[in-house]
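If you read the sequences in order, they're chains R and F.
Using our numbering, the first residue of the first sequence is number 14, and each one after it goes up by one.
Using our numbering, the first residue of the second sequence is number 14, and each one after it goes up by one.
Positions of the beta carbon are idealized from the N, C-alpha and C atoms, including for glycine.
In what follows, a single structure is set out as structure tokens and then discussed.
There are 2 protein chains.
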Amino acid sequence: MAGSITPRRIPEATVARLPVYLRALFEVRDQQQATISSERLAELAGVNAAKVRKDLSYLGSYGTRGVGYDVEYLVFQISRELGLTQDWPVLIVGVGNLGHALANYRGFLVRGFRVVALVDADPAKVGERIGELAVQHLDDLPAIAAERHPAIGIIATPAAAAQEVADRLVAAGITSILNFAPAVVAVPEGVTLRKVDLSIELQILSFYQQRQAESASA
Amino acid sequence: MAGSITPRRIPEATVARLPVYLRALFEVRDQQQATISSERLAELAGVNAAKVRKDLSYLGSYGTRGVGYDVEYLVFQISRELGLTQDWPVLIVGVGNLGHALANYRGFLVRGFRVVALVDADPAKVGERIGELAVQHLDDLPAIAAERHPAIGIIATPAAAAQEVADRLVAAGITSILNFAPAVVAVPEGVTLRKVDLSIELQILSFYQQRQAESASA
DNA sequence: GCATGTGAATAGATTCACAGCG
DNA sequence: CGCTGTGAATCTATTCACATGC
């Protein structure tokens, strides 16, 4: 576990694109392509080539001038950088509409993540089986955390419960949280929080949609 | 429909925060607060006060020095700017796991959006009723579009189908797309595309989680 | 006096353009 | 010769700090 000092500082924007590159590289690998140019990778990832090269340069100089990048090697390096060479136990809080869908979501099967527990505050839901798992009560979070060591907590509760759930996750020692509830959630320093908010995305689309409508009628 | 030239250019980052402010303002309004300071709004939105003031200044000078912003007026101005004073018809493509959850999602009930059609490429799913709507076939998209005029299309299909679905949505005249499929999708200029990608979010969390683990053991 | 509104300063991300190297 | 790697230039976003005006 020790060793490996963190030498390079990778920009946030780059970190957010690495998974996109990785996905493209898996496809390319499936097609038996041994190397790939920044230009081709850029095309597959929907960005431009300069960005690909700059992004990859933060990981180190893994390309060969005049040739491109070795696909297999790049897959390995990006996977390692993203921490996907190990398994992260995931806990889902809230098994309503969305929590259900998430619990069944095959995307988790992508290597690196495994749902290890489902919890809900509603006693009526406790015991319900979803796939391999039975829903447990939110109050049992400390015990569940101690036993299963979830690294990532997913909040799939109504907005009103989100902050309290986040507080409990943090108290249970979870330092990475993905919030699906439509609410602003605050976490202490040292905890990483990301959010996925459908209603915000729709409102952003609405803004640009309106602009289009306006300019069309101008 | 005509008139209203577009005078101010609102930065993308600001557009993405307006829905967050709006949500906070609804809460504040429910608590009978008539005015709010940038500082308080910042707190509720999880950003800093300077950002709130700068963001709101792009919409115009709607605050009163020494006092703050009128909550009701600000709600109206932001709603108008985001295009939420009208109803946007939404079409969902793909009624699998996620599509189902989205179709039932109460977040749509938030004013401004209404699901007007559900389509799927699988004939076995056609006819299935979800809430008020019956699932229709993807091939009927042109007719559905002509009749219901969806403004926003949501892609909730497997990754492999995403690009083709996007192409069909664009062909049907839809210019705003929200993609939930874990795939890069390209759209022509003039079409707004946003994506929500669970597996990318998990991988980003994994990156920072690994950093934490590393620095903890350093 | 107090909180907004905004130029100026800073930080961060993207793109350019080309030197460097296989 | 071709494609990477990267400084420099540009663009975008954030933050500072204070003049402005209620």
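Next on the checklist: I'd like to know if PHE220 (chain R) contacts chain F, where contact means its C-beta is closer than 8 Å to some C-beta of that chain.
Outcome noted: yes
Checklist entry - How long is the line joining the alpha carbons of HIS162 (chain R) and ARG124 (chain R), rounded to whole angstroms? => result 18 Å
Next on the checklist: Less than 6 Å between C-beta atoms, sequence neighbours within five positions excluded: which residues of the same chain meet that for LEU35 (chain F)?
Outcome noted: ILE91
Next on the checklist: Assuming the contact rule is C-beta atoms closer than 8 Å, VAL88 (chain R) and LEU38 (chain R) should be a hit. Round their C-beta distance to whole Å, please.
Outcome noted: 5 Å
Checklist entry - Applying the criterion that 16 or more other CB atoms from any shown protein chain within 10 Å of the CB defines a buried residue, is THR77 (chain R) buried or exposed? => result exposed
Checklist entry - What residues match up with ALA147 (chain F) in a beta bridge as DSSP calls it? => result F:ARG142
Checklist entry - From ILE187 (chain R) to VAL132 (chain F), what does the alpha carbon distance come to, in whole angstroms? => result 39 Å
Next on the checklist: Counting only C-beta atoms, is ARG207 (chain F) closer than 8 Å to chain R at any point?
Outcome noted: yes
Item to check | Residues near VAL80 (chain F) by beta carbon distance below 7 Å, same chain, minus five either side | outcome: THR48
Next on the checklist: Does the region 192-207 of chain F come into contact with the region 141-153 of chain F, if we say contact requires no fewer than three beta-carbon pairs (one atom in each stretch) closer than 8 Å?
Outcome noted: no
Item to check | CB of ALA169 (chain R) within 8 Å of CB of LEU215 (chain R), strictly | outcome: no
Checklist entry - Under a three-way DSSP split, which group does VAL178 (chain F) fall into? => result helix
Next on the checklist: If you measure between the beta carbons of ARG21 (chain R) and TYR71 (chain R), is that distance less than 8 Å?
Outcome noted: yes
Item to check | Contact set between PHE39 (chain R) and chain F, taken where Cβ atoms lie within less than 9 Å | outcome: Those within 9 Å of PHE39 (chain R) in chain F number zero; the least Cβ separation is about 11 Å.
Item to check | For ARG30 (chain F) and THR27 (chain R), the rounded distance between their alpha carbons | outcome: 21 Å
Checklist entry - Going by other Cβ atoms of all chains shown within 10 Å of its Cβ, with 16 needed for buried, is THR19 (chain R) buried or exposed? => result With a pLDDT of only 41 at THR19 (chain R), under 50, the local geometry of the prediction cannot be trusted, and no value is derived from it.
Next on the checklist: Which residues does DSSP list as the beta-bridge partners of LEU104 (chain F)?
Outcome noted: F:ALA130 and F:GLY166
Item to check | Own chain residues within Cβ distance below 8 Å of GLU85 (chain F), not counting five before or after | outcome: ARG42 and ALA47
Item to check | Pairwise C-alpha distance: LEU97 (chain F) and ALA172 (chain R) | outcome: 21 Å
Next on the checklist: Since VAL129 (chain F) and LEU104 (chain F) should fall inside the 8 Å C-beta cutoff, what is the C-beta to C-beta distance between them, to a whole number of angstroms?
Outcome noted: 6 Å
Checklist entry - Going by Cα to Cα distance, which pick from R:THR205, R:GLN223 and R:SER219 is closest to GLU25 (chain R)? => result R:THR205
Item to check | Under 8 Å between C-beta atoms of GLY120 (chain R) and SER189 (chain F) | outcome: no
Next on the checklist: Determine whether the beta carbon atoms of VAL209 (chain R) and PHE220 (chain R) lie at a separation below 8 Å.
Outcome noted: no
Checklist entry - Does any C-beta atom of chain R lie closer than 8 Å to the C-beta of HIS9 (chain F)? => result Not covered by the structure: residue 9 (chain F). The range shown for chain F is 14 to 231.
Checklist entry - If you drop the 5 nearest sequence neighbours on each side, which residues of the same chain put their C-beta closer than 7 Å to that of PRO10 (chain R)? => result Given a span of 14 to 231 for chain R in the structure shown, any question on residue 10 (chain R) remains unanswerable.
Next on the checklist: Going by the DSSP bridge assignment, what does LYS238 (chain R) pair with across the sheet?
Outcome noted: With chain R covering only 14 through 231, there is no way to say anything about residue 238 (chain R).
Checklist entry - Taking just the CA atoms, how far does VAL183 (chain R) sit from VAL148 (chain R)? => result 20 Å
Checklist entry - Between the region 34-59 of chain R and chain F, which residues of the former have a C-beta closer than 8 Å to a C-beta of the latter? => result LEU35, ARG36, ALA37, LEU57, ALA58 and GLY59
Checklist entry - Tell me which same chain residues have a C-beta within less than 6 Å of the C-beta of ALA185 (chain F), skipping the five on either side of it? => result LEU154, PRO155 and ALA158
Checklist entry - Which first and last residues belong to the alpha helix (DSSP H) in which ASP68 (chain R) is found? => result 62-72
Item to check | Cα-Cα separation between LYS64 (chain R) and LEU146 (chain R), rounded to whole angstroms | outcome: 42 Å
Next on the checklist: Any beta carbon of chain R sitting closer than 8 Å to that of ALA199 (chain F)?
Outcome noted: yes
Checklist entry - Applying a beta-carbon distance threshold of less than 8 Å, which residues of chain F neighbour ALA158 (chain R)? => result Within 8 Å Cβ-Cβ: nothing; ALA158 (chain R) doesn't reach chain F, min ~15 Å.
Checklist entry - Going by other Cβ atoms of all chains shown within 10 Å of its Cβ, with 16 needed for buried, is ALA229 (chain F) buried or exposed? => result exposed
Next on the checklist: Check this for me: beta carbons of ALA137 (chain F) and ALA174 (chain F), under 8 Å apart or not?
Outcome noted: no
Checklist entry - According to DSSP, is ASP135 (chain F) helix, strand or coil? => result coil
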